[in-house]
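Report on one structure; see the data block that follows.
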Amino acid sequence: VSTPLSPSVAALRARFGAAVVRAEVSCGDTIVYVAPGSIHEVLAWLKDEPAERYDYLTDLTAVEYRDRERPLELVYQLWSIGRKVALRVKAELPKDGALEVGTVTDLWRGADWMEREVWDMFGIRFAGHPDLRRILMWENYSEGHPLRKDFPLRGRFSRSEQTHRALSDALEKHYSLDELSTDEAARYLPEGMRERLAGGPGA
Amino acid sequence: VSGARTVTYELGTTTVDASGQPTRTPLIVDAEPQAGTDHMLVNIGPQHPATHGVLRLVVELEGEVVVKVIPHVGYLHSGFEKLGEYRTYNQIIPLTDRNDYLAAMSNNVGLALAAEKLMGIEVTERCRVLRVIACEMARITSHLVWAGTTAIDIGAFTVFLWMFQERERVNNLIEAWTGARLTTSLTRVGGLMADIPDGWAAELRGWCERFPKTLDEVEAMLSNNGIWLGRNVDIGILSAEDAISFSLSGPMIRASGVPYDVRKDRPYLGYETYDFEVPIGEKGDCYDRYLVRMDEMRQSTRILLQALDRLPDGPINVADPRVSLPPKSRAMSDMEAMIFHFKQVMEGIAAPVGEAYAAVEGPRGELGYYFVSDGTAKPVRWRIRPPAFINLAALPKMAEGHLLSDLIAINASVDIVMGEVDR
Chain A
10 VSTPLSPSVA
20 ALRARFGAAV
30 VRAEVSCGDT
40 IVYVAPGSIH
50 EVLAWLKDEP
60 AERYDYLTDL
70 TAVEYRDRER
80 PLELVYQLWS
90 IGRKVALRVK
100 AELPKDGALE
110 VGTVTDLWRG
120 ADWMEREVWD
130 MFGIRFAGHP
140 DLRRILMWEN
150 YSEGHPLRKD
160 FPLRGRFSRS
170 EQTHRALSDA
180 LEKHYSLDEL
190 STDEAARYLP
200 EGMRERLAGG
210 PGA
Chain B
4 VSGARTVTYE
14 LGTTTVDASG
24 QPTRTPLIVD
34 AEPQAGTDHM
44 LVNIGPQHPA
54 THGVLRLVVE
64 LEGEVVVKVI
74 PHVGYLHSGF
84 EKLGEYRTYN
94 QIIPLTDRND
104 YLAAMSNNVG
114 LALAAEKLMG
124 IEVTERCRVL
134 RVIACEMARI
144 TSHLVWAGTT
154 AIDIGAFTVF
164 LWMFQERERV
174 NNLIEAWTGA
184 RLTTSLTRVG
194 GLMADIPDGW
204 AAELRGWCER
214 FPKTLDEVEA
224 MLSNNGIWLG
234 RNVDIGILSA
244 EDAISFSLSG
254 PMIRASGVPY
264 DVRKDRPYLG
274 YETYDFEVPI
284 GEKGDCYDRY
294 LVRMDEMRQS
304 TRILLQALDR
314 LPDGPINVAD
324 PRVSLPPKSR
334 AMSDMEAMIF
344 HFKQVMEGIA
354 APVGEAYAAV
364 EGPRGELGYY
374 FVSDGTAKPV
384 RWRIRPPAFI
394 NLAALPKMAE
404 GHLLSDLIAI
414 NASVDIVMGE
424 VDR
């Protein structure tokens, strides 16, 4: 049983031409591949065009395939609350290029945390995001982006190496002295850290 | 107040004394009060009973008014999505228990639906009805925890006891069915782990008939209670436009007046054939969220009774031997059954190349599972669409401008579960 493409695909092709790379149906859902440079423009049009009205960003995530040659994919799951139809928009980002696309936080405020999670887990940057920080991992996490396929399941470092790195990292760049300066903790500060703390942030 | 002493507390003191000990800013100094000039930073959590798990909120206060809220999440991050890439579809099911551990059965069902959509499997009618029962029981237990803990946050202890007493009864039924109270691992791709035991349906029916009386009593205590109204009415208002823009789902978006419910809008498991209503709020404040969740428990009870009425006889697993394990007695006596048993356990069920997104209406909203397959028995990508995580992102918008004590009520009204927020 083959499901036809969503009518939105023809409308997108008429409006954006070559920016719509290809479209396919998988398990009954239409997937549209869009050039990464046009993603913001396309999503803004899909959201506001009266005939489309995909006003609800269900989810934003990314996919990396086991085949290392295949590009990373950004996945936008759209839903129209009024029309009750879904559309999946994807953008392919070649791994040798800049892993960066424009943010959609200006279209949907909910995209804020979703884009932070994609940055945290995949290392894809969102240009124009107001606060692109890691969200699930801590801010000075130094092992990379965990959902990338080159990231080993158990992490890059052993538990003891992780502890060592966490202790020898320049914590004062990320935490204020107040957070580090309980009497008990001060006794266990690594060599050199007291001097760095004495010098203040950035020393 | 003249003569009072102000308390100044400086963040980021950067000096140590000669012995290497950090110098502390004295907490109390003699000075004139300087009301209204300084903002104070307060840290709430990650270990705090009112944050409903390991949520940390950094709050900037002007007096007692919240100027800014910065949520910090991730303390419970377990890498479920990464782990899923190394597991077969059935092996992922125990991970979903630990995702939203207050409604494990909705998670089990959601995962099975996504895997079955990917593989093109149609489950049996008895399985569909039993899954509806599982989903609605999960919704009720989760809302019971929400009502109890929210009431405690706002100062009403009795509600907590009544709600947890009811939850205990549902958990006993869940335990009789699945063998576990929280980590149920109920579903399998193509069916269920177990059928309901003898006499179980009558037990559940009896509970469904008694339960609305408890809801009546709780509503009699809360709905017109001056303290409850004062703490909830007009607190944390979110407009319908904002709720859509923040991608909220579940009771959060419905309290703001948007009738978005996956059970109605993208029906699964035959929800379109059940008679139930989707409660909608008017103002989008904490009180509307309370009303919506209380009514949802009544509607879920209605769905449970309808499901029990129509529960057909028959198998719970699909007849396909590549998907469902053969009975143990056959696996031990029949060569072919043993081969299928071996292949399923050792290799798992291979999914065709493609991808599928399937969502259930969990207690917190649209709980979606997204699978990408490259044709092997383990997914290339397993994504949980986490309603609690996405709902929590709207907390600063709701809380800013309210009192610090209202922040606790608003956070309770979001009904987060940190297992799902952090995954």
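If you're matching them up, the sequences are chains A and B in order.
Adding 9 to a residue's 1-based position in the first sequence gives its number in this note's numbering.
Adding 3 to a residue's 1-based position in the second sequence gives its number in this note's numbering.
Backbone N, C-alpha and C fix where the C-beta goes; we use that ideal spot for every residue, glycine too.
Residues of chain A with a CB under 7 Å from the CB of residue i: which are they?
i, result
"Arg-388(B)", "Thr-67 and Asp-68"
"Cys-288(B)", "A small correction: the amino acid at residue 288(B) is Asp; Cys does not occupy that position in the sequence shown. Near Asp-288(B) there are no residues of chain A at all, since even the closest Cβ is about 19 Å away, more than 7 Å."
"Glu-369(B)", "Thr-67"
For residue i, collect the residues of the same chain with a Cβ closer than 7 Å to its Cβ; drop the 5 residues on either side in sequence, then sort them by chain order.
i, result
"Gln-347(B)", "Leu-328"
"Leu-189(B)", "Met-108, Asn-111, Ala-137, Thr-181, Leu-195 and Met-196"
"Leu-52(A)", "Tyr-85, Val-98, Val-113 and Leu-116"
"His-146(B)", "Arg-296, Glu-299, Met-300 and Pro-366"
"Gly-260(B)", "Ala-243, Ile-283, Gly-284, Glu-285 and Gly-287"
"Arg-172(B)", "Trp-210"
"Val-281(B)", "Arg-257, Pro-262, Asp-264 and Lys-267"
"Pro-390(B)", "Ser-252, Gly-253, Gly-365, Arg-367, Gly-368, Glu-369 and Leu-370"
"Gly-193(B)", "Glu-119, Ile-124, Val-126, Asn-320, Val-321, Asp-323, Val-326 and Ser-327"
Check the DSSP bridge columns for residue i and list the partner residues they point to.
i, result
"Ile-387(B)", "Tyr-372(B)"
"Met-71(B)", "The sequence shown places Lys at residue 71(B), not Met. Partner(s): Glu-63(B)."
"Lys-99(A)", "Tyr-42(A) and Val-84(A)"
"Ala-310(B)", "Per DSSP, none; premise fails for Ala-310(B)."
"Ile-47(B)", "Leu-60(B)"
"Tyr-449(B)", "In this structure chain B extends from 4 to 426, so residue 449(B) is not present and cannot be described."
"Ala-71(A)", "Leu-83(A)"
"Val-126(B)", "According to DSSP, Val-126(B) bridges with nothing at all."
"Ser-89(A)", "Val-94(A)"
"Gly-111(A)", "Ala-136(A)"
Determine the chain A residues that contact residue i at a beta-carbon separation under 8 Å, and present them in chain order.
i, result
"Ser-248(B)", "Trp-117, Arg-118 and Gly-119"
"His-80(B)", "Leu-145 and Met-146"
"Asp-377(B)", "Tyr-74, Arg-75 and Asp-76"
"Leu-452(B)", "An answer regarding residue 452(B) cannot be provided, because it is not within the stretch 4 to 426 covered by chain B."
"Lys-120(B)", "Cys-36 and Gly-37"
"Tyr-373(B)", "Asp-68, Thr-70, Val-84 and Gln-86"
For residue i, count neighbouring C-beta atoms within 10 Å of its own C-beta (all shown protein chains included) and say buried if the count is 16 or more, exposed if not.
i, result
"Pro-262(B)", "exposed"
"Arg-443(B)", "Residue 443(B) lies beyond the residue range present for chain B, which begins at 4 and ends at 426; the question has no answer from this structure."
"Thr-112(A)", "buried"
"Ser-47(A)", "buried"
"Glu-358(B)", "buried"
"Asn-227(B)", "exposed"
"Asp-264(B)", "buried"
"Ile-413(B)", "buried"
"Arg-75(A)", "exposed"
"His-80(B)", "buried"
"Leu-4(A)", "Examination of residue 4(A) is not possible in this model, given that chain A is present from 10 through 212 alone."
"Arg-426(B)", "buried"
"Asp-237(B)", "exposed"
"Arg-168(A)", "exposed"
"Pro-29(B)", "Note on Pro-29(B): pLDDT 47, under 50, position unreliable in the model; the coordinate value appears next. Classification of Pro-29(B): exposed, given that the 10 Å Cβ count is below 16."
Which bits of chain E does residue i rub up against, with CB to CB less than 7 Å?
i, result
"Glu-84(B)", "In the structure shown, chain E does not exist; the protein chains are A and B."
For my contact list, residue i and residue j are in at a C-beta cut-off of 8 Å; report their separation, rounded to the angstrom.
i, j, result
"Leu-133(B)", "Leu-195(B)", "6 Å"
"Phe-131(A)", "Arg-157(A)", "6 Å"
"Leu-365(B)", "Ala-106(B)", "Here residue 365(B) turns out to be Gly, not Leu, going by the sequence shown. Correct: roughly 6 Å between the Cβ atoms."
"Gly-422(B)", "Tyr-104(B)", "5 Å"
"Arg-129(B)", "Ile-319(B)", "6 Å"
"His-42(B)", "Glu-65(B)", "5 Å"
"Leu-370(B)", "Arg-388(B)", "7 Å"
"Leu-87(A)", "Tyr-63(A)", "4 Å"
"Ala-154(B)", "Phe-163(B)", "6 Å"
Mind listing the chain B neighbours of residue i? Cutoff is C-beta to C-beta under 8 Å, in chain order.
i, result
"Tyr-85(A)", "Going along chain B, no residue has its Cβ under 8 Å from Tyr-85(A), so there is no contact; the nearest lies around 11 Å."
"Ser-35(A)", "Gly-357, Glu-358 and Ala-359"
Between which residues of its own chain and residue i is the CB-CB distance below 6 Å, once the five residues before and five after are set aside?
i, result
"Arg-292(B)", "Pro-254, Ala-258 and Ser-416"
"Ile-306(B)", "Glu-139, Tyr-277 and Phe-279"
"Asn-46(B)", "Val-61"
"Thr-99(B)", "Asn-110, Asn-111 and Leu-114"
"Thr-12(A)", "Val-34 and Gly-37"
"Tyr-42(A)", "Val-30, Arg-31 and Lys-99"
"Ala-362(B)", "Val-265, Glu-369 and Gly-371"
Anything in chain B within Cβ reach of residue i, meaning under 9 Å, just list it in chain order.
i, result
"Asp-64(A)", "Ile-247 and Ser-248"
"Leu-162(A)", "Gly-82, Lys-85, Leu-86, Glu-88 and Tyr-89"
Only counting the same chain, and skipping five residues up and downstream in sequence, which positions put a Cβ closer than 8 Å to that of residue i?
i, result
"Gly-351(B)", "Thr-91, Tyr-92, Asn-93, Gln-94, Ala-380 and Lys-381"
"Glu-403(B)", "Val-69, Val-70, Lys-71 and Val-72"
So which residues on chain B does residue i lean against when the C-beta distance must stay under 7 Å?
i, result
"Ile-90(A)", "Ile-247, Val-261 and Tyr-263"
Along chain A, in chain order, which residues have C-beta atoms closer than 9 Å to that of residue i?
i, result
"Asp-268(B)", "Trp-88, Ile-90 and Lys-93"
"Val-76(B)", "Trp-122, Ile-144 and Leu-145"
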